[in-house]
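One structure is given here, and the rest of the page talks about it.
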Amino acid sequence: MKERGRFLRRLPLLLIVSLVPLFGCSSSDRALTAEEARSLAREAYIFAFPMMENYKTMQAQALLPGRFNVFTHSTRLQDPSYTDIVRPNNDTLYSTLWLDLRAEPMVISAPAVEDRYVSFQLVDMYTYNFGYVGTRTTGRGARTFLVAGPNWQGEKPNGVDDLFRSEGDFVLCLGRTLVDGTVEGDLETVLALQRNYVARPLSAFLDQAAPEAPSGDIFPLYVKDLAESASFIGYFNFLLANLVVDPSEEELIESFGAIGIAPGLLFDERNYDEAILAAVEEGIAQALDEIAHSAASLSESRNGWNLAKRIFGSREQLQGEYLVRAGAAYVGLYGNDLEEAYYPSANTAIDGEPLDASANAYEISFGADELPPVGEGGFWSLTLYDLPDQFLVANAIGRYSIGDRTPGLVFGPDGSLTLYIQKDTPGAGRESNWLPAPDGPFSLTLRIYLPDEEALDPLYAPPGLTGRTAP
1 MKERGRFLRR LPLLLIVSLV PLFGCSSSDR ALTAEEARSL AREAYIFAFP
51 MMENYKTMQA QALLPGRFNV FTHSTRLQDP SYTDIVRPNN DTLYSTLWLD
101 LRAEPMVISA PAVEDRYVSF QLVDMYTYNF GYVGTRTTGR GARTFLVAGP
151 NWQGEKPNGV DDLFRSEGDF VLCLGRTLVD GTVEGDLETV LALQRNYVAR
201 PLSAFLDQAA PEAPSGDIFP LYVKDLAESA SFIGYFNFLL ANLVVDPSEE
251 ELIESFGAIG IAPGLLFDER NYDEAILAAV EEGIAQALDE IAHSAASLSE
301 SRNGWNLAKR IFGSREQLQG EYLVRAGAAY VGLYGNDLEE AYYPSANTAI
351 DGEPLDASAN AYEISFGADE LPPVGEGGFW SLTLYDLPDQ FLVANAIGRY
401 SIGDRTPGLV FGPDGSLTLY IQKDTPGAGR ESNWLPAPDG PFSLTLRIYL
451 PDEEALDPLY APPGLTGRTA P
C-alpha cells in the first residue's frame, strides 16, 4: 500500500472534508453489498475515466508555476519527438492555453485571419467541447471572447464578442492554425500570428483591480497505478470539487456516495470494509475492460477504414453516453466535433489484413469524384502512425503526412490521385505522392477539416488500401 499512502499525504493539503468512517453502510444504515459496490465502482469509473485522462494531461502541461492562463505555442509542425498526445496532427500549429477560472474569467483575443484555417476549441474537465471560435463558427474576422467558470455570474462586457460558460474551473483552450507547406515562409507567418493570440484576466481587460487569487494550489499527483485502483475515488472527488454537477446527473453522482464519492471528500482505504474495497477493485477492472472494448467499437467499418461516429462533442450531443466518452478518451483526447473535423482511420487494407510495411507496399487511389469532400476554408491530410505507440514515424524525407497542400502532388489526367504508402521509395516520378511507412505495423488517419455536409451523412468512406509484397 505504499503508493496509496504517498497519494494520501498529498491530498489532504487540498481537500478539507473528512471521510465518514467505514464505507459499507448506506445513508439508511442498510449494509452495502459487495455486488452493489462493484456495480457502483464500475459505473463511477466509466464516468470518471475521461476526466482523469484530461487531468493527467493538464498536470503534464500546466501544473508548473506560471503555466496556467498563458499560451504555449508549438513553433514547428509535430514530428516523431512529440509524444504528449497520441495521433497528433501534422497540419496545424497548436496553441495550448490551460485556463484556471477560479478567481475570475479569462479574455482571449485573436486577430483577423483571412487566408487560412484557424480554430480555438474549448474543452471542459468532463472533456465536453463547449465552444468554438474560428473559421467555421465565427468567421475570419478579429475576435475577442470571454471564458467564465461556474462561479462567475456576470454579463458579457463591452468589447467582448462571445461569452462561453464552463461547468468547471479548469478549461483547455486549444488553438489550431494551418501551416501551408506549399508557401515559402508560411511557418514564419503563422508564428507571427501566434504572437498576437492574447489571454488576459477579465480584471486586466477592464483595467480593474484583480480579485484575490485562489488558495490551496496543491493538486493530487497523477499516478497511473493509483488511477486504476480504488484510489481513483480521490482523483474523482478532487475533480468534482472544481465542477458543477449537471442537474441531469445529480442523482447519479449522489448514488456514487455509497462508495465514498462526493465533491472534495478524502479517500482513505482504511475507512472501507475489506470486502467492499475488493468489490470496488473488481468493478474498476470490469470498467477498464469495457472501456477498452468501447474504444474498439466506436466506428463502423467500410473499405478497411474505421469511420468514427460522433465520439467528441458538447454535453448536448453526448449526454448520457458515458461509455462512448470513456472509449474516446482511451483512444485520445481533444478530438473535434464532427462538423469541425472528420477522422476516418485505417489499421487494415481493403482485404482485412493488418497494415504492415515490413511485408507489403500499399497504394490508395482516389477517383476524381472520390477525393475527400472538403468544405469552404477546409483541408485534408493523410497521416501515418506507428503501432502500437501511435506516434509519428521518423523517415528519410521528413514527411509525416500528405494531403491537399503537399508540394508537387501529382494527379492523373482524369483528376484521380494515387498515394504510395511503403517503407522504401516508390521510385522516380512517384516520390511526390509517397508517404513513408515504418518497417512494421502502422495505422493511418485521414483528417478532413471543415468537411462538406456530404462527408457526414452518410459518413464518407475513403477508397481501400491495396497491398503487394514489398520489393
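With the first letter of the sequence shown counted as 1, position 254 gets the number 254 in UniProt numbering; the numbers rise by one all the way through. Just so it is clear, CB atoms sit at the ideal spot from N, CA and C, and this is done for glycine as well. Please read all numbers here as calculations on a predicted model, not as lab measurements.
Handout entry: Cβ pair residue 365, residue 416 closer than 8 Å
Key = Residue 365 sits at position 365 when you count from the first residue of the sequence shown. Residue 416 sits at position 416 when you count from the first residue of the sequence shown. Cβ atoms of residue 365 and residue 416: closer than 8 Å.
Practice task
List the endpoints of the continuous beta strand (DSSP E) containing residue 315.
Solution key: Locating residue 315 in the sequence shown gives position 315, where the first residue counts as 1. For residue 315, there is no enclosing beta strand (DSSP E); the enclosing alpha helix (DSSP H) covers residues 315 to 318.
Practice task
Would you tell me roughly how many angstroms separate the C-alpha atoms of residue 25 and residue 332, rounded to the nearest one?
Solution key: To locate residue 25, count along the sequence shown from 1; it is residue 25. To locate residue 332, count along the sequence shown from 1; it is residue 332. Here residue 25 scores only 47 on pLDDT, less than 50, and its place in the model is too uncertain to base an answer on.
Problem - residue 247 - DSSP class collapsed to helix/strand/coil - result: What you label residue 247 is simply residue 247 of the sequence shown in a count that begins at 1. Helix at residue 247.
Exercise for the section: Counting only the same chain and skipping the five closest in sequence on each side, list residues whose C-beta sits under 6 Å from that of residue 118. Expected result: Translated into positions along the sequence shown, residue 118 becomes position 118. Counting only Cβ-Cβ distances below 6 Å, and skipping sequence neighbours, we find 134, 135, 177.
Exercise for the section: Look up residue 303 in the DSSP assignment and say whether it is helix, strand or coil. Expected result: Locating residue 303 in the sequence shown gives position 303, where the first residue counts as 1. Coil.
Practice task
Please classify residue 145: is it buried, with 16 or more other beta-carbons within 10 angstroms of its beta-carbon, or exposed?
Solution key: Reading the sequence shown from its first residue, position 145 is the one you call residue 145. With 16 or more Cβ atoms within 10 Å of its Cβ, residue 145 is classed as buried.
Problem - Pairwise C-alpha distance: residue 49 and residue 249 - result: The sequence position of residue 249 within the sequence shown is 249, counting from 1. The sequence position of residue 49 within the sequence shown is 49, counting from 1. Taking the straight line from one Cα to the other gives about 16 Å.
Exercise for the section: Out of 258, 260, 220, point me to the one whose CA is closest to residue 242's CA. Expected result: Here residue 242 refers to the residue found at position 242 when the sequence shown is read from its first residue. Relative to the Cα of residue 242, the nearest Cα in the group 258, 260, 220 belongs to 220.
Handout entry: Boundaries (first-last residue) of the beta strand (DSSP E) holding residue 129
Key = As a working note, residue 129 is residue 129 in the sequence shown. Note, residue 129: beta strand (DSSP E), 129 to 134.
Handout entry: Same chain only: Cβ atoms within 7 Å of residue 438, ignoring 5 sequence neighbours per side
Key = Here residue 438 refers to the residue found at position 438 of the sequence shown. 357, 386, 393, 423.
Practice task
Answer yes or no: do residue 91 and residue 401 have a C-beta to C-beta separation smaller than 8 Å?
Solution key: Taking the first residue of the sequence shown as position 1, residue 91 is located at position 91. Taking the first residue of the sequence shown as position 1, residue 401 is located at position 401. For residue 91 and residue 401, yes; Cβs fall inside 8 Å.
Exercise for the section: Work out the CA separation of residue 362 and residue 69 for me, nearest whole Å. Expected result: As a first step, residue 69 must be located in the sequence shown, where it is residue number 69. As a first step, residue 362 must be located in the sequence shown, where it is residue number 362. Residue 69 and residue 362 have their C-alpha atoms roughly 45 Å apart.
Practice task
Please specify which runs of the beta strand (DSSP E), each continuous and at least 3 residues long, are wholly inside the stretch 409 to 471, giving them in chain order.
Solution key: List check, beta strand (DSSP E) in window: 417 to 422, 434 to 436, 442 to 451, 466 to 469.
Practice task
Would you mind working out which of 137, 404, 120 sits nearest residue 433, comparing C-alpha positions?
Solution key: Within the sequence shown, the letter at position 433 stands for residue 433. The candidate whose alpha carbon is nearest that of residue 433 is 404.
Handout entry: Entirely enclosed alpha helix (DSSP H) segments - the UniProt domain "DUF1254" (68 to 201), minimum 4 residues
Key = Here the runs fully enclosed are 186 to 194.
Exercise for the section: May I ask you to report which of helix, strand or coil DSSP gives residue 253? Expected result: As a first step, residue 253 is located in the sequence shown; it is residue number 253 there, counting from the start. If DSSP states are grouped into helix, strand and coil, residue 253 belongs with the helices.
Exercise for the section: State the DSSP-derived secondary structure class of residue 277, mapped to helix, strand or coil. Expected result: Translated into the one-based positions of the sequence shown, residue 277 becomes position 277. Residue 277 falls in the helix class under three-state DSSP.
Problem - Cβ pair residue 58, residue 227 closer than 8 Å - result: For the purposes of this step, residue 58 is taken as the residue at position 58 of the sequence shown. For the purposes of this step, residue 227 is taken as the residue at position 227 of the sequence shown. Cβ distance not < 8 Å, so residue 58 and residue 227 don't count as in contact.
Handout entry: Opposing strand residues paired with residue 228 [DSSP bridges]
Key = As a position in the sequence shown, residue 228 is number 228, starting the count at 1. In the DSSP assignment, residue 228 is bridged to no other residue.
Practice task
Look at the Cβ atom of residue 279, then the Cβ atom of residue 41, and state whether they are nearer than 8 Å.
Solution key: Residue mapping note: residue 279 aligns to position 279 of the sequence shown, counting from 1. Residue mapping note: residue 41 aligns to position 41 of the sequence shown, counting from 1. Their beta carbons are under 8 Å apart, which means residue 279 touches residue 41 by this criterion.
Exercise for the section: Spell out a yes or no on whether the stretch 455 to 471 and the stretch 296 to 307 are touching, meaning 3 or more CB-CB pairs, one atom from each, closer than 8 Å. Expected result: Enough Cβ pairs lie closer than 8 Å, so yes.
Handout entry: Burial state of residue 38, where buried means 16 or more other Cβ atoms lie within 10 Å
Key = For the purposes of this step, residue 38 is taken as the residue at position 38 of the sequence shown. Taking a 10 Å sphere around the C-beta of residue 38, we find 16 or more other C-beta atoms and assign the residue as buried.
Practice task
Give me the Cβ distance between residue 372 and residue 448, rounded to the nearest whole Å; I'm assuming they're in contact under 8 Å.
Solution key: Residue numbering aside, residue 372 sits at position 372 when the sequence shown is read from its first letter. Residue numbering aside, residue 448 sits at position 448 when the sequence shown is read from its first letter. So it is a contact: roughly 5 Å between Cβ atoms.
Problem - Start and end residues, alpha helix (DSSP H) containing residue 39 - result: Here the question's residue 39 lines up with position 39 in the sequence shown. Segment 34 to 62, the alpha helix (DSSP H) holding residue 39.
Handout entry: Through-space distance from residue 94 to residue 334, alpha-carbon basis
Key = Mapped onto the sequence shown, residue 334 falls at position 334. Mapped onto the sequence shown, residue 94 falls at position 94. Rounded to whole angstroms, residue 334 to residue 94 spans 12 Å at the Cα level.
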